[in-house]
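Asker: Before I ask anything, let me first share the structure, which is written out below as structure tokens.
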Amino acid sequence: VFGLLLAFSIAFILRGISNPLHYLNTHNIEQMKDVFLNNESNWVVMCKKSADIVPKMFENTARNFKDYADFGVLDCGGTLPSGKTVYSKFELNKKIKPVVFAVTQGSEGKPVQAQAKHILSENDFSRWVSSKVEPHSYLIKSSKTLKERCLKKDKCILLMKAGPISNIQKESIKSAMNEHSSVSFATIDSSRYELSIEPKLKFKYKEGKHVALYFNKLGDDVESKKKITQSWKIGYFNDDMSALNDWIVSLETTRKNELTNVNKVVTMKRRAKVKPKVVDIEETKAETSQQIKEKIMEELKRKQTINEIEKRLKMEKEGQDVVVDLEEQEEEEEDHNNEEWIDLS
24 VFGLLLAFSI AFILRGISNP LHYLNTHNIE QMKDVFLNNE SNWVVMCKKS ADIVPKMFEN
84 TARNFKDYAD FGVLDCGGTL PSGKTVYSKF ELNKKIKPVV FAVTQGSEGK PVQAQAKHIL
144 SENDFSRWVS SKVEPHSYLI KSSKTLKERC LKKDKCILLM KAGPISNIQK ESIKSAMNEH
204 SSVSFATIDS SRYELSIEPK LKFKYKEGKH VALYFNKLGD DVESKKKITQ SWKIGYFNDD
264 MSALNDWIVS LETTRKNELT NVNKVVTMKR RAKVKPKVVD IEETKAETSQ QIKEKIMEEL
324 KRKQTINEIE KRLKMEKEGQ DVVVDLEEQE EEEEDHNNEE WIDLS
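Residue numbers (this note's numbering): 24 to 368.
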């Protein structure tokens with residue numbers, strides 16, 4: 024009997040250690056602050072009373088994504104310090120069962136509820152959780168999304184993609200995202216879009232040369248009731264993407280002085296296409312024909328010079344005097360220059 028009790032005790036303890044779920048309470052102010060007001064962590068919460076059985080789908084997903092988020096179980100019918108329930112304060116749809124929501128970094132404490140299609144199976148739920156808590160980069164296509172997804176964030180890395188990114192570079196970027204979870208990441212296709220700050224940074228687009236910009240928001244300076252000025256410190260990285268993580272770390276330490284101050288909102292527009300040079304075919308043919316003529320002339324002169332040298336050497340060998348008739352040579356050159364050329368084009 025003692026052995027059986029010991030086995031159950033050990034199993035219970037191990038289950039507690041391996042259990043990835045946090046059981047939350049609306050009356051615990053510190054817990055509620057951590058879930059809804061902590062902008063540096065991700066939470067995925069299921070609305071269930073503590074006595075209710077938690078679906079295996081939720082527990083398994085929590086175990087798989089424990090490195091990216093905390094998973095909690097909360098009685099959402101409980102009242103918050105404001106007197107409202109979690110259901111009413113955040114307008115959660117109780118008709119979707121189970122009620123699950125995510126509060127992620129940068130969401131400013133606003134939960135995003137999983138829809139019915141997201142909880143049909145464990146695979147569907149895992150995909151939804153992955154889209155919310157795993158590091159990812161927002162694709163930017165306008166000045167509005169650039170402002171919302173990057174410039175409004177405290178810290179943002181904007182990847183300026185100049186063509187396909189290799190798998191090695193992708194892994195390096197993903198590693199940087201994991202290491203710097205408090206930094207937002209966004210991406211633009213720099214072959215199609217250009218930034219207003221490019222001249223200041225002396226940036227010139229080059230196919231295959233990816234770069235990264237670091238935006239550190241310094242805050243809003245209210246000069247008057249009508250006017251608000253914004254400012255950033257911006258870093259410019261044009262090295263190999265495999266060193267991106269080290270560069271981000273260095274911006275907080277050794278490279279602080281390399282950041283550029285910017286007091287104007289960065290915007291973007293379509294990059295002007297480089298017009299291909301129009302080639303005049305007739306002109307090209309004429310140039311090619313002239314080049315051929317010049318090469319033939321050079322070759323003839325070279326052969327003539329060789330013949331003269333061989334003639335002189337032969338005469339010297341036979342003991343004859345070497346006499347050069349300059350007038351005769353000039354006449355030969357003049358005759359040669361006046362020969363009619365055939366157009367080889």
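Note that CB positions come from ideal geometry on N, CA and C, so glycine has one too.
Quick caveat, the model's predicted, so the values are computed rather than measured.
Give, in chain order, every unbroken run of the beta strand (DSSP E) that is at least 3 residues long and sits entirely within the stretch 178-223.
Answerer: The beta strand (DSSP E) runs of length 3 or more contained entirely in the stretch 178-223 are, from start to end of the chain, 178-184, 207-212 and 216-218.
Asker: Can you pull the DSSP bridge partners for V94?
Answerer: Note that residue 94 corresponds to Phe in the displayed sequence, not to Val. The partner list for F94 (beta bridge, DSSP) reads L44 and V67.
Asker: So, under 8 Å CB-CB, L97 and S195 are touching, yes? Tell me the CB distance rounded to an integer number of Å.
Answerer: About 37 Å separates the two Cβ atoms, so there is no contact after all.
Asker: I need the boundaries of the alpha helix (DSSP H) containing N87, first residue and last residue.
Answerer: K79 to N87
Asker: Who are L60's beta bridge partners in DSSP?
Answerer: Its beta-bridge partners do not exist; DSSP assigns none.
Asker: Return the residue from the list I119, C99 and P121 that minimises the CA-CA distance to F113.
Answerer: Per the Cα distances, C99.
Asker: If we count Cβ pairs, one from each stretch, closer than 8 Å, do we get three or more for the stretch 196-212 versus the stretch 311-321?
Answerer: no
Asker: Look at the alpha carbon of L47 and the alpha carbon of K140, and state the distance between them as a whole number of angstroms.
Answerer: K140 has its alpha-carbon roughly 26 Å from the corresponding atom of L47.
Asker: Just the C-alpha distance for H159 and R172, rounded to the nearest angstrom, thanks.
Answerer: 12 Å
Asker: Would you mind working out which of N61, E333, N239 and K326 sits nearest E131, comparing C-alpha positions?
Answerer: The residue with the shortest Cα to Cα distance from E131 is N61.
Asker: Cβ of Q136 within 8 Å of Cβ of V122?
Answerer: yes
Asker: I want to know whether the stretch 165-183 touches the stretch 285-299 - three or more CB-CB distances under 8 Å.
Answerer: yes
Asker: Just to confirm the assignment, what range does the alpha helix (DSSP H) spanning T168 have?
Answerer: S166 to L169
Asker: Please report the distance separating the alpha-carbon of L162 from that of S312.
Answerer: 52 Å
Asker: From what residue to what residue does the beta strand (DSSP E) around K292 run?
Answerer: Judged by DSSP secondary structure, K292 falls within the beta strand (DSSP E) whose first and last residues are M291 to R293.
Asker: As a quick exercise: from G258, N42, L336 and S105, pick the residue whose alpha carbon is nearest that of I52.
Answerer: S105
Asker: Going by the beta-carbon positions, is the gap between F94 and H45 smaller than 8 Å?
Answerer: yes
Asker: Provide the residue span of the alpha helix (DSSP H) that contains V109, from first to last.
Answerer: Judged by DSSP secondary structure, V109 falls within the alpha helix (DSSP H) whose first and last residues are V109 to K112.
Asker: Hey, would you say S149 sits closer than 8 Å to T108, going by beta carbons?
Answerer: no
Asker: State buried or exposed for A295, treating a residue as buried only when at least 16 other CB atoms are found within 10 Å of its CB.
Answerer: exposed
Asker: Assuming L236 and G258 are in contact, meaning their beta carbons sit under 8 Å apart, how far apart are those beta carbons, in whole angstroms?
Answerer: 7 Å
Asker: Under 8 Å by Cβ, that's how I've got K178 and V206 pegged, so tell me the actual separation to the nearest angstrom.
Answerer: 5 Å
Asker: Considering only DSSP beta bridges, list what G258 is partnered with.
Answerer: BP columns for G258 point to Y237.
Asker: How about N87 and Q128: are their beta carbons less than 8 Å apart?
Answerer: Contact flag unset, no.
Asker: Quick one, which of V152, K167, E217 and S153 has its alpha-carbon nearest L182's?
Answerer: E217
Asker: Would you report the Cα separation of V234 and D262, rounded to the nearest angstrom?
Answerer: When only Cα atoms are considered, V234 and D262 end up about 7 Å apart.
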